[in-house]
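Q: My questions will all concern the structure given below.
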Amino acid sequence: MTAIMASLYAVEPLCWLLSFTLITAWFCFVANLIRRLFTTHDLPSTLPWVGTKHQRGPLSRARANLSSFFRLKDLLNEGYNEYSKRDQTYVLPYYLNGPEVILPPSQMAWLLSQPDSVLSQDQVNRQFLQAEFVFAHATMVEDPVHPEVIQQELTRKLANFIPGIVQEMEQSLADNWGKAEGDWVEVGMYDTLLDTITRLSLRVFIGEDLCRNPALIKACQSFNRKVAIPAAAISMFPAVLKPFVAPFFTAYDYIQYLRCRRIILPILKSRLRSLQKNELPVSDMKAPNDYLQWAINHAVSKPVINRLELDEHVITSRFAVLCFAAIQSSVITLTNVIFDIVSSPERD
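Under the UniProt record's numbering, read the sequence shown as residues 1 to 348, first letter to last.
Following this line, the structure appears as structure tokens:
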């Protein structure tokens, strides 16, 4: 009995400490949510916010941020009619990921002409996607998406992929929309285009042999569709709590990444072993033309090789992130384009 009582007395301080920690974390979380309602996010005070009824001050911003939960489309319409049509810049409140500065069409040329040293989306993307927590390799390398490889390899060789892309598109649309002429077929636009864009992207990134692999397609699609959800959830927490809550929100995505990795890792390991055994320059090797090989070539082409660039985890993680960047935005855009076309009065 004495031993049991002693154990209870020993556990009691731990219970109090745990309770205090949880209560403190809860108050920090709530305080951060309230702060996000009122903050300007360091945006210039001269920029008008939609949803504030032309009022300035923290209370009007809080109302606008709250309205972004339920009336985001109305806020977009208000911004377009009151500011964009008048060639003016405005702020669109968005509570989940922070406000967005909407430029009028006349400023697009200026925007696109800015060099990366002046205006870059990298930091914004990392913040929006909570890259340090959502992407497993983001703390290991500076660029989770590998922009140098995209610019130097994919963009330069894009014309070489056109025949394969056309072939894959025809095959995918035939599989999803059917081949019969004159027959109407009901299709789920987003889901079928998701399959098509995924296959087209994989055709470029990993080649013909794997671009139709059902397991790889499903893993990439599941990873891509859920990335923004845990990112939005993690962004709700203050910085001090993010490392502790992030694993709970990203567990599903990490499982999908592991499924994708399981398929492409044997290929990557084989390539790396071939590289170690072959003393010829990489440019002289008869290598496949896909992302895995681009990443390897890019890493060994530098005067000083960064071993992290050849790390299996880094390359496979970058592959998953690259698929997300290529697939999700393309599917959403193409789906809305088709909806706009078929709903247009001039469609006939």
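Every residue gets a Cβ at the ideal spot worked out from N, C-alpha and C, and that includes glycine. Computed from a prediction, not measured in an experiment: that's the story for all the values here.
Between Leu280 and Glu153, what straight-line distance do the alpha-carbon atoms span, to the nearest angstrom?
A: In the sequence shown, counting from the first residue as 1, residue 280 sits at position 280. In the sequence shown, counting from the first residue as 1, residue 153 sits at position 153. Reliability fails at Leu280, whose pLDDT of 44 lies under 50, so the model's placement of it is uncertain and the value that follows must be treated cautiously. C-alpha separation (whole angstroms): 20 Å.
Q: Distance, Cα to Cα, Asp175 vs Ala219?
A: Residue 175 sits at position 175 when you count from the first residue of the sequence shown. Residue 219 sits at position 219 when you count from the first residue of the sequence shown. In a straight line, the C-alpha of Asp175 is about 19 Å away from that of Ala219.
Q: Give me the Cα-Cα distance between Lys242 and Asp253, rounded to the nearest whole angstrom.
A: Mapped onto the sequence shown, residue 242 falls at position 242. Mapped onto the sequence shown, residue 253 falls at position 253. Each residue's Cα considered, the two are about 16 Å apart.
Q: Assuming Glu312 is part of the beta strand (DSSP E), what are its boundary residues?
A: For the purposes of this step, residue 312 is taken as residue 312 along the sequence shown, with counting starting at 1. Careful: Glu312 lies outside any beta strand (DSSP E), inside the alpha helix (DSSP H) at 312–343.
Q: What are the residues that DSSP puts in a beta bridge with Leu92?
A: Within the sequence shown, residue 92 is the residue found at index 92, counting from 1. Glu100.
Q: By DSSP, does Trp184 sit in helix, in strand, or in coil?
A: Taking the first residue of the sequence shown as 1, we reach residue 184 at position 184. If DSSP states are grouped into helix, strand and coil, Trp184 belongs with coil.
Q: Going by beta-carbon coordinates alone, are Gln221 and Thr198 separated by less than 7 Å?
A: Indexing the sequence shown from 1 puts residue 221 at position 221. Indexing the sequence shown from 1 puts residue 198 at position 198. Yes. Within cutoff.
Q: Grab me the residues of Leu265's own chain with a C-beta within less than 7 Å of its C-beta, minus the 5 sequence neighbours each way, in chain order.
A: Against the sequence shown, residue 265 aligns to sequence position 265. Excluding sequence neighbours, Leu265 sits near Glu312, Thr316.
Q: Our contact map puts Ala320 next to Leu310 with C-beta atoms below 8 Å; I'd like the distance itself, whole angstroms only.
A: Here residue 320 corresponds to residue number 320 of the sequence shown, with the count starting at 1. Here residue 310 corresponds to residue number 310 of the sequence shown, with the count starting at 1. Their Cβ separation, rounded to whole angstroms, is 17 Å, which puts Ala320 and Leu310 out of contact at 8 Å.
Q: To which residues of the same chain is residue 432 closer than 7 Å at the C-beta, ignoring the five residues directly before and after it?
A: The requested residue 432 does not occur in the structure, where the chain is confined to residues 1 to 348.
Q: Cβ atoms of Gly164 and Ile290: under 7 Å apart, would you say?
A: Along the sequence shown, one-based indexing puts residue 290 at 290. Along the sequence shown, one-based indexing puts residue 164 at 164. Correcting the residue type first, residue 290 is Asp in the shown sequence and not Ile. Against a cut-off of 7 Å, the Cβ pair of Gly164 and Asp290 comes out as no contact.
Q: Give the DSSP-derived three-state secondary structure of Leu280 in the structure shown.
A: What you label residue 280 is simply residue 280 of the sequence shown in a count that begins at 1. Unreliable placement is indicated for Leu280, whose pLDDT of 44 sits below 50; the coordinate value is still reported in the next sentence. Correct three-state label for Leu280: coil.
Q: Could you check whether Leu272 and Leu292 sit closer than 7 Å to each other, using their CB atoms as the reference points?
A: On the sequence shown, position 292 is the one that residue 292 refers to. On the sequence shown, position 272 is the one that residue 272 refers to. Cβ atoms of Leu292 and Leu272: not closer than 7 Å.
Q: Is the distance from the Cβ of Tyr94 to the Cβ of Ile102 below 7 Å?
A: Reading the sequence shown from its first residue, position 94 is the one you call residue 94. Reading the sequence shown from its first residue, position 102 is the one you call residue 102. Against a cut-off of 7 Å, the Cβ pair of Ile102 and Tyr94 comes out as no contact.
Q: Give the C-beta separation of Ile234 and Gln130 to the nearest angstrom, bearing in mind that I take them to be a contact with Cβ-Cβ under 8 Å.
A: Looking up residue 234 in the sequence shown gives position 234. Looking up residue 130 in the sequence shown gives position 130. Their Cβ separation, rounded to whole angstroms, is 5 Å, which keeps Ile234 and Gln130 in contact under 8 Å.
Q: Rounded to whole angstroms, what's the CA-CA distance from Lys157 to Arg318? Just pull it up for me.
A: As a first step, residue 157 is located in the sequence shown; it is residue number 157 there, counting from the start. As a first step, residue 318 is located in the sequence shown; it is residue number 318 there, counting from the start. Using only the alpha carbons, I get a separation of about 19 Å.
Q: Could you tell me which residues DSSP puts in a beta bridge with Trp26?
A: Within the sequence shown, numbered from 1, the residue matching residue 26 stands at position 26. None; Trp26 has no bridge partner.
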